[in-house]
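Please read the structure below before turning to the comments.
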Amino acid sequence: MAGIKALISLSFGGAIGLMFLMLGCALPQYNSQYWPLFVLFFYILSPIPYCIARRLVDETDATSNACKELAIFLTTGIVVSAFGLPIVFARAQLILWGACALVLTGNTVIFATILGFFLVFGSNDDFSWQQW
Amino acid sequence: MSGFLETMRCSECVDWGEKRNTIASVAAGVLFFTGWWIIIDAAVKYPQMEDFNHSYHACGVIATIAFLMINAVSNGQVRGDSYSEGCLGQTGARIWLFIGFMMAFGSLIASMWILFGGYVVKEKPLVYPGIAVFFQNAFIFFGGLVFKFGRTEDLWQ
């Protein structure tokens, strides 16, 4: 049952994050600019390097691995890009700074949710998440 | 209240020795991609050729190639204690790393040159693109150093 509770709380976190993102886009005082929706690509891309590395590396006795570290590096790059894109939008006066702040808040919540997903379901075997 | 913080022993509950490579990878990723976003920001803000000469982007490209070259060889290959010999062996790894570091230092020096020769000495009203080029190359350079030397290869065994 622990898996179910964690899943529900994580999906709540994801919904909150998406709400912040949509608030940053859709509020009329922010001119309803939908440019920040491009960070959705970063949300989708962010877990991919680590999933590839985990399938590629056989889990032996080594505590770390060059392939996994490259995956962490690339994941960090995607996360940094998700934060950099709205800031550049705001500096280019495409969106307002308030919308940028809302999108950054949404980014933080969403990436914390994704990290929580890996922490909760990445370690225990009984949920059979690792058999993917 | 005085004993409040004594129960929090962060260095003992988290084993930093095993996490070292992860932390170094994250730090290197933050540095590297922050550098690239700085230059993207400058290019978005100043699209005109007279504000920000487009050929200045070559500097960051060279720094990125140097980043890849530096981190493509492991320290074990340079010392010669890896199991497999590559196509050129230890000498090839050393020459490869030498060229990589030369390009890294070269791009850092070139970015300073762009900042001073292209903006400060000419007394342009806008200095920010030059500063952005310099910061981009500095961030990429230090990201490469962190990714190369912040990780330890003892954890791979």
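These protein sequence lines map, in sequence, to chains P and L.
With our numbering applied, the first sequence corresponds to residues 1007 to 1138, in that order.
With our numbering applied, the second sequence corresponds to residues 14 to 170, in that order.
Ideal Cβ placement from N, Cα and C applies to all residues, glycine included.
None of the values given here were measured: they were computed from a predicted structure.
When the cut-off is 9 Å and only beta carbons count, does residue i lie next to chain L?
i, result
"P:SER1052", "no"
"P:ARG1097", "yes"
"P:ILE1014", "no"
"P:LEU1109", "At residue 1109 of chain P the sequence reads Val, which differs from the Leu that was named. By this cut-off, P:VAL1109 is not an interface position."
"P:VAL1126", "no"
"P:GLN1136", "Unreliable placement is indicated for P:GLN1136, whose pLDDT of 47 sits below 50; the coordinate value is still reported in the next sentence. Chain L, which has no Cβ nearer than 9 Å to the Cβ of P:GLN1136, makes this no."
Determine, using beta carbons only, whether residue i comes closer than 9 Å to chain P.
i, result
"L:PHE45", "yes"
"L:PHE148", "no"
"L:PHE154", "no"
"L:PHE162", "no"
Taking C-alpha atoms, which residue in the options lies nearest to residue i?
i, options, result
"P:LEU1051", "P:ALA1072, P:ILE1084, P:ILE1058", "P:ILE1084"
"L:ASN150", "L:GLY42, L:ALA76, L:GLN61", "L:ALA76"
"P:THR1082", "L:ASN34, L:VAL146, L:PHE46, L:TRP29", "L:PHE46"
"L:ARG33", "P:LYS1074, P:ALA1107, P:PRO1055, P:GLY1009", "P:LYS1074"
"L:LEU129", "L:MET115, L:ILE144, L:VAL74, L:ARG164", "The identity of residue 129 of chain L in the sequence shown is Phe, whereas the question assumes Leu. For the residues L:MET115, L:ILE144, L:VAL74, L:ARG164, the minimum Cα distance to L:PHE129 belongs to L:ILE144."
"L:GLY119", "L:PHE80, L:VAL86, L:VAL140", "L:PHE80"
"P:THR1119", "P:LEU1043, P:PRO1053, P:PHE1047", "P:PRO1053"
"L:ASP64", "L:ALA41, L:GLY156, L:GLU136, L:PHE111", "L:GLU136"
"L:ARG164", "L:PHE155, L:ALA37, L:ALA41", "L:ALA37"
"P:GLY1112", "P:LYS1011, P:PHE1018, P:ALA1012", "P:PHE1018"
"P:ALA1059", "P:ILE1022, P:ILE1078, P:LEU1043, P:LEU1046", "P:ILE1078"
"L:ILE78", "L:TRP126, L:SER68, L:GLY89, L:MET115", "L:MET115"
"L:GLY93", "L:GLY30, L:GLY105, L:MET82, L:ASN84", "L:GLY105"
"L:LEU44", "L:LEU121, L:LYS58, L:LEU168, L:GLY157", "L:GLY157"
"P:PRO1034", "P:LEU1110, P:ALA1088, P:LEU1102", "P:LEU1102"
My understanding is that residue i touches residue j, with C-beta atoms under 8 Å, so please give their C-beta distance in whole angstroms.
i, j, result
"P:LEU1100", "P:GLN1039", "7 Å"
"L:PRO142", "L:ALA55", "5 Å"
"L:LEU101", "L:VAL86", "L:LEU101 to L:VAL86, Cβ: 11 Å. No contact."
"L:ILE53", "L:GLY73", "At roughly 10 Å, the Cβ-Cβ gap does not stay under 8 Å, so L:ILE53 and L:GLY73 are not in contact."
"P:GLY1090", "L:TRP29", "With 8 Å as the limit, P:GLY1090 and L:TRP29 do not qualify as a contact, their Cβ atoms being about 28 Å apart."
"P:ASP1016", "P:PHE1123", "Note that residue 1016 of chain P is Leu in the sequence shown, not Asp. Going by Cβ atoms, the distance from P:LEU1016 to P:PHE1123 rounds to 6 Å, so yes, they are a contact pair."
Mind listing the chain C neighbours of residue i? Cutoff is C-beta to C-beta under 9 Å, in chain order.
i, result
"P:VAL1094", "The structure shown contains no chain C; its protein chains are P and L."
### Task
Using a Cβ-Cβ cut-off of less than 9 Å, list which residues of the region 1068-1089 of chain P approach chain L; keep chain order.
ALA1068, THR1069, SER1070, ASN1071, ALA1072, LYS1074, GLU1075, LEU1076, ALA1077, ILE1078, PHE1079, LEU1080, THR1081, THR1082, GLY1083, ILE1084, VAL1085, VAL1086, SER1087, PHE1089
### beta strand (DSSP E) runs wholly inside the region 1076-1108 of chain P, at least 3 long, in chain order
none
### Task
Pull out every residue of the region 30-42 of chain L whose Cβ sits closer than 7 Å to any Cβ of chain P, in chain order.
GLU31, ASN34, THR35, SER38, VAL39, ALA41, GLY42
### Message
What are the residues in the region 54-73 of chain L lying within 9 Å of chain P by C-beta distance?
### Response
ASP54, VAL57, LYS58
### Query
What residue ranges within the region 58-112 of chain L form continuous alpha helix (DSSP H) runs of no fewer than 4 residues, ordered along the chain?
70-85, 88-92
### Message
Output needed in chain order: residues of the region 104-128 of chain L with a Cβ under 9 Å from some Cβ in chain P.
### Response
none
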